[in-house]
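Chains as they are written, first to last, in this note's numbering: chain D, 1 to 112; chain R, 1001 to 1112.
For every residue, glycine included, the Cβ atom is placed at its ideal position computed from N, Cα and C.
First the structure, in the form of structure tokens, and then the observations on it.
2 protein chains.
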Amino acid sequence: MKRFEKHIFVCENKRPEGHPKGCCADKNGVEVRAKFKKRLKELGLSPSMRSNAAGCLDACEHGVTVVIYPEQIWYGNVTVDDVEEIIQDHLIKNSPVERLKIQDEKFNKDKK
Amino acid sequence: MKRFEKHIFVCENKRPEGHPKGCCADKNGVEVRAKFKKRLKELGLSPSMRSNAAGCLDACEHGVTVVIYPEQIWYGNVTVDDVEEIIQDHLIKNSPVERLKIQDEKFNKDKK
């Protein structure tokens, strides 16, 4: 059995003020991760599920960016208010939240 | 197809000086990640493989700690000199480096 059933990485990367890409830290990445951590604990889902800080996930324009492993589902523009839905639907029911997903073609399109 | 074929998270967590747990930053976590990044680029493995900074992976006593997804293989006490072996054996040949693996039971034993 693997150590974590679900491992949630939340970008908390901080760029200098005024950087054109923006950054997840300025869009409440830290608060999003804190909410995951608090709720996973309250719901008894930790330690088999862990919310983890991540450096830049190279999806700044979609921030706050979250990626959940092992399934590698990407979420964009995640707010503190979205966390409960991701926990209830994706983590508990294994039904990813479609409205927040970053589609694979979006990543490909963004690549130069 | 998933965005990343391999996603390598390297703990770069920094604890205050003298903290009993120690921390990956003091054991060259930043340098380990930089080496992964440099070599993945040189070998043409990025962007389908990405080395990413991570906050505390809750395995401080095994630091520098590295976890590779989607397979969730954990490595401990990783040095800059170990990076090439992980890339060649695990990332390229899909043959994890046994001598560096943190065994699952080690995690369980450490839990209070």
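**OP:** With 9 angstroms as the threshold, decide whether the Cβ of R:Leu1057 is near any Cβ in chain D.
**Re:** yes
Original post:
What's the call for D:Asn94, buried or exposed, on a 16-neighbour Cβ count within 10 Å?
Top reply: Here D:Asn94 is exposed, its C-beta having fewer than 16 other C-beta atoms within 10 Å.
Subject >> Inter-residue Cα distance where the pair is D:Leu57 and R:Cys1060 >> reply: For D:Leu57 and R:Cys1060, the distance between alpha carbons rounds to 22 angstroms.
Original post:
Does the beta carbon of R:Tyr1069 come closer than 9 angstroms to any beta carbon on chain D?
Top reply: yes
Original post:
For R:Ile1068, which beta-bridge partners are listed by DSSP?
Top reply: R:Ile1008 and R:Ile1073
Original post:
Taking the alpha carbon of R:Ile1092 as the point to measure from, which residue in R:Ala1054, R:Gly1055 and R:Arg1039 has its own alpha carbon closest?
Top reply: R:Arg1039
Subject >> Residues that D:Lys101 bridges to, as DSSP identifies them >> reply: D:Tyr75
**OP:** State yes or no: is the beta carbon of D:Glu12 nearer than 9 angstroms to at least one beta carbon in chain R?
**Re:** True, the Cβ-Cβ gap to chain R drops below 9 angstroms.
Original post:
Counting only beta-carbon atoms, is R:Asn1028 nearer than 9 angstroms to chain D?
Top reply: Contacts with chain D at 9 angstroms (Cβ-Cβ) do not include R:Asn1028.
Subject >> Length of the line joining the Cα atoms of D:Val64 and R:Tyr1069 >> reply: 21 angstroms
Original post:
Excluding sequence positions up to five away, which residues of its chain have a Cβ less than 7 angstroms from the Cβ of D:Lys14?
Top reply: Cys23 and Ala25
**OP:** Return the CA-CA distance between D:Met49 and R:Ile1086, expressed in angstroms with no decimal places.
**Re:** 26 angstroms
**OP:** Step through the CB atoms of chain D and report whether any lies within less than 9 angstroms of the CB of R:Ala1053.
**Re:** yes
Original post:
Where D:Lys27 and D:Ala34 are concerned, what is the direct C-alpha to C-alpha distance, given to the nearest angstrom?
Top reply: 13 angstroms
**OP:** Establish whether the CB of D:Arg3 and some CB of chain R are separated by less than 9 angstroms.
**Re:** Proximity of D:Arg3 to chain R, defined by a Cβ-Cβ separation below 9 angstroms, is satisfied.
Subject >> Contacts that D:Gln103 makes with chain R (C-beta to C-beta distance below 8 angstroms) >> reply: In chain order: nothing, as chain R lies at least about 10 angstroms away.
Original post:
Which residues of chain R have a Cβ atom closer than 8 angstroms to the Cβ of D:Phe107, listed in chain order?
Top reply: The contacting residues are Arg1003.
**OP:** Starting from the beta carbon of D:Gln72, find every residue of chain R whose beta carbon is closer than 8 angstroms, and list them in chain order.
**Re:** Lys1002, Arg1003, Phe1004, His1007, Tyr1069 and Pro1070
Original post:
Looking only at DSSP bridge pairs, what is D:Met49 linked to?
Top reply: D:Lys6
Subject >> Closer than 9 angstroms to chain D by CB, R:Arg1050 >> reply: yes
Original post:
Could you give the C-beta distance for D:Val80 and D:Val32, rounded to a whole number, given that I count them as a contact under 8 angstroms?
Top reply: That belief holds up - the Cβ atoms of D:Val80 and D:Val32 are roughly 6 angstroms apart, short of 8 angstroms.
Original post:
In whole angstroms, what separates the C-alpha of D:Glu17 from that of D:Ala54?
Top reply: 19 angstroms
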